[in-house]
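Counted from 1, the sequence shown has number 188 at position 188 by the UniProt record's numbering; the numbering is strictly sequential. Structure, as structure tokens:
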Amino acid sequence: MPEINRNKPILVTGGAGYIASWIIKFLLEDGFNVRATVRNKSEEKKIAHLTQLSQKHPGKLELYEADLMKQGSFLNAIRDCELILHTASPFFIDGIKNAQKELIEPAVNGTKNVLEAVNESPSVKRVVLTSSVAAVMGDNIDAKDSPGNRLNEESWNVTSSLTHQPYAYSKTLAEREAWRIHDAQSRWDLVTINPSFVLGPSVSDRGDGTSVNFMRSMVNGKFAPGVPDMMMGIVDVRDVAKAHIAAGLTPTAKGRHLTTAKTLSFVEVAKILKDHYGKKYKIPTSTIPKLVTYIIGPFFGLSWEHISKNVGVPFDLDNSYSIKDLGITYRPVSETLVEHIEQLAASKMV
Ligand code: NAP
Numbered sequence: 001m002p003e004i005n006r007n008k009p010i011l012v013t014g015g016a017g018y019i020a021s022w023i024i025k026f027l028l029e030d031g032f033n034v035r036a037t038v039r040n041k042s043e044e045k046k047i048a049h050l051t052q053l054s055q056k057h058p059g060k061l062e063l064y065e066a067d068l069m070k071q072g073s074f075l076n077a078i079r080d081c082e083l084i085l086h087t088a089s090p091f092f093i094d095g096i097k098n099a100q101k102e103l104i105e106p107a108v109n110g111t112k113n114v115l116e117a118v119n120e121s122p123s124v125k126r127v128v129l130t131s132s133v134a135a136v137m138g139d140n141i142d143a144k145d146s147p148g149n150r151l152n153e154e155s156w157n158v159t160s161s162l163t164h165q166p167y168a169y170s171k172t173l174a175e176r177e178a179w180r181i182h183d184a185q186s187r188w189d190l191v192t193i194n195p196s197f198v199l200g201p202s203v204s205d206r207g208d209g210t211s212v213n214f215m216r217s218m219v220n221g222k223f224a225p226g227v228p229d230m231m232m233g234i235v236d237v238r239d240v241a242k243a244h245i246a247a248g249l250t251p252t253a254k255g256r257h258l259t260t261a262k263t264l265s266f267v268e269v270a271k272i273l274k275d276h277y278g279k280k281y282k283i284p285t286s287t288i289p290k291l292v293t294y295i296i297g298p299f300f301g302l303s304w305e306h307i308s309k310n311v312g313v314p315f316d317l318d319n320s321y322s323i324k325d326l327g328i329t330y331r332p333v334s335e336t337l338v339e340h341i342e343q344l345a346a347s348k349m350v
């Protein structure tokens, strides 16, 4: 891909979101002209941090309204842009009533809408899609036949469905759809960022995100009796934002990128927090046995199928390609966790 013209605006979709807000902040600090889509410009509280960023960088940030479910709604925002960073997609794993309507349709039709608008906009040279590790694997058990239980970008999630891990299914279908639309043309190229679980301080004080909820539950007593014996990949939100920018601006960047710093168990996460905070918060100190997880798991939204395929099942993620292709340096997870709690405490959210 030829170099992106640094004077052209860069579009970030889902601009008020947790990851997108850091991307926008970094782009503005680097002097770029930024466009961001939000669902509703009159939701002042939700976009307050973008208003503040706009005041800090006068004339550099423009907000557009667009909804993943409204065909053509991204066209105006995309016009004249060479680089599109498409982060918008519903991200929640609890309280799903209708997975098709709440997750699959916005993720897949939204990606289609954005990329069809890209096809209609001759200025676009590159699209960076925020996919997920969830498009690489569904359950930890998916890694059982890989050396060291370690997966890389060559894997695709083939185990999630509408009824089991529907969020992971939405991300898998959306990324597949993106590659399909990309492969049918040759004018713009596609690079994906596939983050593991993203943690770290937010630019905003929004408390409705899955990442924020997880961190709150590690210190507010929800897990006080113990955590399930589960592992997860963790990455800092600021590193994920920088990965998007590198993926957009590095002409040679190519393909999928597992963006993850380290794979840790829940109890290892708790230990890092306990070592730092001592008795200040109700941080769990132990793991609950798998049998007990089967009994109480459903009260925490964990199905038996989920428990059997994830609890006590090791896995790991290979981040070497993202380091090599995008030049990322991942910050230590301890820094991510502590800075996240510090920010939640400053915002009186823990
Ligand atoms: P987030 O704060 O919930 O951001 C999601 C964004 O998508 C929000 O800006 C939201 O808009 C937007 N969105 C949802 N439905 C929409 C619709 N119908 N029309 C327009 N916009 C819509 O969560 P996030 O963590 O930043 O997620 C951003 C991306 O990263 C998502 O694609 C997610 O799947 C991916 N991801 C996240 C993680 C993680 O651990 N956080 C890990 C891997 C991948 P509103 O602001 O209006 O709600």
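We treat Cβ as the ideally placed atom computed from N, Cα and C, and that holds for glycine.
Residue of K274, L75, K70 minimising C-alpha distance to V338: On the sequence shown, position 338 is the one that residue 338 refers to. V338 has its Cα closest to that of K274, out of K274, L75, K70.
Quickly, what does DSSP pair K262 with across the bridge? List them, please. By one-based count along the sequence shown, residue 262 stands at place 262. In DSSP, K262 forms a bridge with I234.
As assigned by DSSP and simplified to three states, the class of I296: Here the question's residue 296 lines up with position 296 in the sequence shown. I296 falls in the helix class under three-state DSSP.
Check whether the Cβ of R331 sits closer than 7 Å to any heavy atom of the ligand NAP, and report yes or no. In the sequence shown, counting from the first residue as 1, residue 331 sits at position 331. R331: no, Cβ never under 7 Å from the ligand NAP.
Roughly how many whole angstroms lie between the Cα atoms of I47 and G233? On the sequence shown, position 47 is the one that residue 47 refers to. On the sequence shown, position 233 is the one that residue 233 refers to. Cα-Cα distance, rounded: 29 Å.
Let me know the secondary structure DSSP gives E65 once reduced to three states. Position 65 of the sequence shown holds residue 65. Three-state DSSP puts E65 in a strand.
Cutting at 7 Å between CB atoms, please list the residues of its own chain near M215, excluding the five before and the five after it. Counting from 1 along the sequence shown, the entry for residue 215 is found at position 215. Contacts found: L199, H340, I341, L344.
Taking DSSP as the reference, what is the three-state secondary structure of K282? Here residue 282 is taken as the residue at index 282 of the sequence shown, counted from 1. Here K282 sits in strand by DSSP.
Q100 and G138 look like a contact to me (Cβ under 8 Å); what is the Cβ gap, rounded to whole Å? Within the sequence shown, the letter at position 100 stands for residue 100. Within the sequence shown, the letter at position 138 stands for residue 138. Incorrect: roughly 17 Å between the Cβ atoms, too far for contact.
Would you call M231 buried or exposed, if buried means 16 or more other Cβ atoms sit within 10 Å of its Cβ? Sequence index remark: in the sequence shown, residue 231 carries index 231 (1-based). Buried, because 16 or more other Cβ atoms sit within 10 Å of the Cβ of M231.
Beta-carbon separation (whole angstroms), L190 vs V127, contact threshold 8 Å: Counting from one through the sequence shown, the residue named residue 190 turns up at place 190. Counting from one through the sequence shown, the residue named residue 127 turns up at place 127. Yes, L190 and V127 are in contact; Cβ-Cβ is about 5 Å, under 8 Å.
Among residues of its own chain, excluding the 5 on either side of K229, which ones have a beta-carbon nearer than 6 Å to its beta-carbon? For this step, residue 229 is matched to residue 229 along the sequence shown. This sequence places Asp at residue 229; Lys is not what is there. T287, V311, G312, listed in sequence order.
Does the contact criterion of 3 or more C-beta pairs under 8 Å hold for the segment 134-153 versus the segment 22-37? no
Would you mind reading off the limits of the beta strand (DSSP E) that contains A77? Taking the sequence shown and counting its residues from 1, one reaches residue 77 at position 77. Taken as a continuous stretch (DSSP letters only), A77 belongs to no beta strand (DSSP E), being part of the alpha helix (DSSP H) at 75-78.
For I93, tell me which candidate among L85, I104, I84 has the shortest Cα-Cα distance. Start at 1 with the first residue of the sequence shown, and residue 93 comes out as number 93. Answer by Cα proximity: I104.
Please report the residue range of the beta strand (DSSP E) in which R216 lies. Taking the sequence shown and counting its residues from 1, the one referred to as residue 216 is at position 216. Looking at the DSSP string, R216 is not in any beta strand (DSSP E); the run it does join, the alpha helix (DSSP H), is 210-219.
If we call anything under 8 Å between Cβ atoms a contact, is V12 one with V38? One-based indexing of the sequence shown puts residue 12 at position 12. One-based indexing of the sequence shown puts residue 38 at position 38. No, these two residues do not count as a Cβ contact at 8 Å.
Where does L302 sit, in a helix, a strand or coil, going by DSSP? Taking the sequence shown and counting its residues from 1, one reaches residue 302 at position 302. The answer is coil: DSSP assigns L302 none of H, G, I, E or B.
On the DSSP bridge list, what partners appear for T37? The residue given as residue 37 occupies position 37 in the sequence shown. Partner(s): Y64.
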